[in-house]
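Novice: Just passing along the structure, written as C-alpha cells.
Protein chains in written order, with our numbering: chain A, 188 to 299; chain B, 32 to 142.
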C-alpha cells in the first residue's frame, strides 16, 4: 500500500489567498484525521471524519477553515482567506476502527 | 491543563548510552497509549500501542512500558539512526476516537 498521500508537499501563498490541501487515505480505512503541527503548539487535531461524516470539528480554528470528505478515498482542507499565522505543517492520517493512525508526510504551508 | 506531558524536551546521548523518555498523562478512561517516531520532513511513524498498566512492548533497541499515570520509552545502546522526535499520544473514553499528542522529545545520538 502506498500509505496516506498528501498534496502538495509544499505550498507558499500570499495572505488572503485560498489554499486547498488534499489527502488520499489508506484504502479500507474508515476514519480520516487532519492535524496541524507547529513548534509552539505541537500536533493539534483539527477535524476527523468517520465513514466520510465529520464527527468532531472542535479543533478547527475559525470559519476560515473548512474540510470535506466527498468519498472514502479523498479529503480536502481549505483555508480561505489564508493568514500568516496559518503557516504550519498540516498532516492527514487515517485508521480503521481505532487501530493506530497512519500519517502522510504532510503539507508545509507558508503564508506570507 | 495539558493531558499529555513528555520529558525531557530534548536529549543528547552518545552512541551506546542507554536512557529513557517519559510520557505522563492525566486523562481518565485510558483506551490506549501510543508511541510514534517522527523524522524531519516526515509524518509520525507508529511504534507501539500499550493498553493496560504493566504492559510492555519491544522493538529492536526500544522498549515501551506503561503504568497507571505514565509510560516510558527505554532506548538500549542507541545508534545515530535512532535520532528522531519521539511522540506519545493517548486515546481515552472522554476523547472518543481522537488521539491527544504530547509535545515530543527530540533525541540526538552522536557517534
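Just so you know, even glycine gets a beta-carbon here, dropped at the ideal spot from N, CA and C. From a predicted model like this one, the values you see are computed outputs, not experimental measurements.
Specify the secondary structure class of residue 124 of chain B as computed by DSSP and reduced to three states.
Specialist: The sequence position of residue 124 of chain B within the second chain is 93, counting from 1. In the structure shown, residue 124 of chain B sits in a helix (DSSP, three-state: H, G or I).
Novice: Take the Cβ of residue 95 of chain B as the centre, count every other Cβ of all protein chains shown within 10 Å, and call the residue buried at 16 or more, exposed below.
Specialist: Within the second chain, residue 95 of chain B is the residue found at index 64, counting from 1. It counts as buried.
Novice: Any C-beta of chain A sitting closer than 7 Å to the C-beta of residue 39 of chain B?
Specialist: Here residue 39 of chain B corresponds to residue number 8 of the second chain, with the count starting at 1. Not an interface residue.
Novice: Output yes if chain A places a C-beta closer than 7 Å to the C-beta of residue 129 of chain B; else output no.
Specialist: In the second chain, counting from the first residue as 1, residue 129 of chain B sits at position 98. Residue 129 of chain B counts as touching chain A.
Novice: The region 47-75 of chain B: which residues have C-beta closer than 9 Å to a C-beta of chain A, in chain order?
Specialist: 62, 63, 65, 67, 69, 72, 73, 74 and 75
Novice: Only counting the same chain, and skipping five residues up and downstream in sequence, which positions put a Cβ closer than 7 Å to that of residue 232 of chain A?
Specialist: Within the first chain, numbered from 1, the residue matching residue 232 of chain A stands at position 45. When the five nearest sequence neighbours on each side are left out, the beta carbons in the same chain lying within less than 7 Å of the beta carbon of residue 232 of chain A are those of 220, 222 and 246, in order along the chain.
Novice: Under 7 Å, Cβ to Cβ, is there at least one residue of chain A near residue 95 of chain B?
Specialist: Translated into the one-based positions of the second chain, residue 95 of chain B becomes position 64. Judged by the 7 Å Cβ criterion, residue 95 of chain B is not in contact with chain A.
Novice: Contact check, residue 67 of chain B vs residue 120 of chain B under 8 Å by CB: the rounded distance?
Specialist: Taking the second chain and counting its residues from 1, the one referred to as residue 67 of chain B is at position 36. Taking the second chain and counting its residues from 1, the one referred to as residue 120 of chain B is at position 89. With 8 Å as the limit, residue 67 of chain B and residue 120 of chain B qualify as a contact, their Cβ atoms being about 7 Å apart.
Novice: Considering only their Cβ atoms, is the gap separating residue 117 of chain B from residue 52 of chain B smaller than 7 Å?
Specialist: Taking the first residue of the second chain as position 1, residue 52 of chain B is located at position 21. Taking the first residue of the second chain as position 1, residue 117 of chain B is located at position 86. Yes, these two residues count as a Cβ contact at 7 Å.
Novice: Alpha carbon to alpha carbon, what distance is there between residue 77 of chain B and residue 142 of chain B?
Specialist: By 1-based counting over the second chain, the position of residue 142 of chain B is 111. By 1-based counting over the second chain, the position of residue 77 of chain B is 46. Between residue 142 of chain B and residue 77 of chain B, the C-alpha separation is close to 25 Å.
Novice: Would you please verify whether the beta carbon of residue 217 of chain A is less than 7 Å from any beta carbon of chain B?
Specialist: As a first step, residue 217 of chain A must be located in the first chain, where it is residue number 30. Not one chain B Cβ lies under 7 Å of residue 217 of chain A.
Novice: Any chance the CB of residue 211 of chain A is under 6 Å from a heavy atom of the ligand PLP?
Specialist: Of ligands this structure carries none, so the ligand PLP is not represented either.
Novice: Assuming residue 209 of chain A contacts residue 295 of chain A (C-beta within less than 8 Å), just tell me the rounded distance between them.
Specialist: Counting from 1 along the first chain, the entry for residue 209 of chain A is found at position 22. Counting from 1 along the first chain, the entry for residue 295 of chain A is found at position 108. Actually they are not in contact, since the Cβ atoms of residue 209 of chain A and residue 295 of chain A sit about 14 Å apart, beyond 8 Å.
Novice: Could you say if the region 100-114 of chain B and the region 37-47 of chain B meet the contact criterion of at least three C-beta pairs nearer than 8 Å?
Specialist: yes
Novice: Comparing alpha-carbon positions, which option in B:140, B:133, B:110 and B:139 lies nearest residue 225 of chain A?
Specialist: The count along the first chain starts at 1 and reaches residue 225 of chain A at position 38. Minimum Cα-Cα distance from residue 225 of chain A among the listed residues B:140, B:133, B:110 and B:139 corresponds to B:133.
Novice: What did DSSP end up calling residue 112 of chain B once you bin it into helix, strand or coil?
Specialist: By one-based count along the second chain, residue 112 of chain B stands at place 81. The answer is helix: DSSP assigns residue 112 of chain B an H, G or I state.
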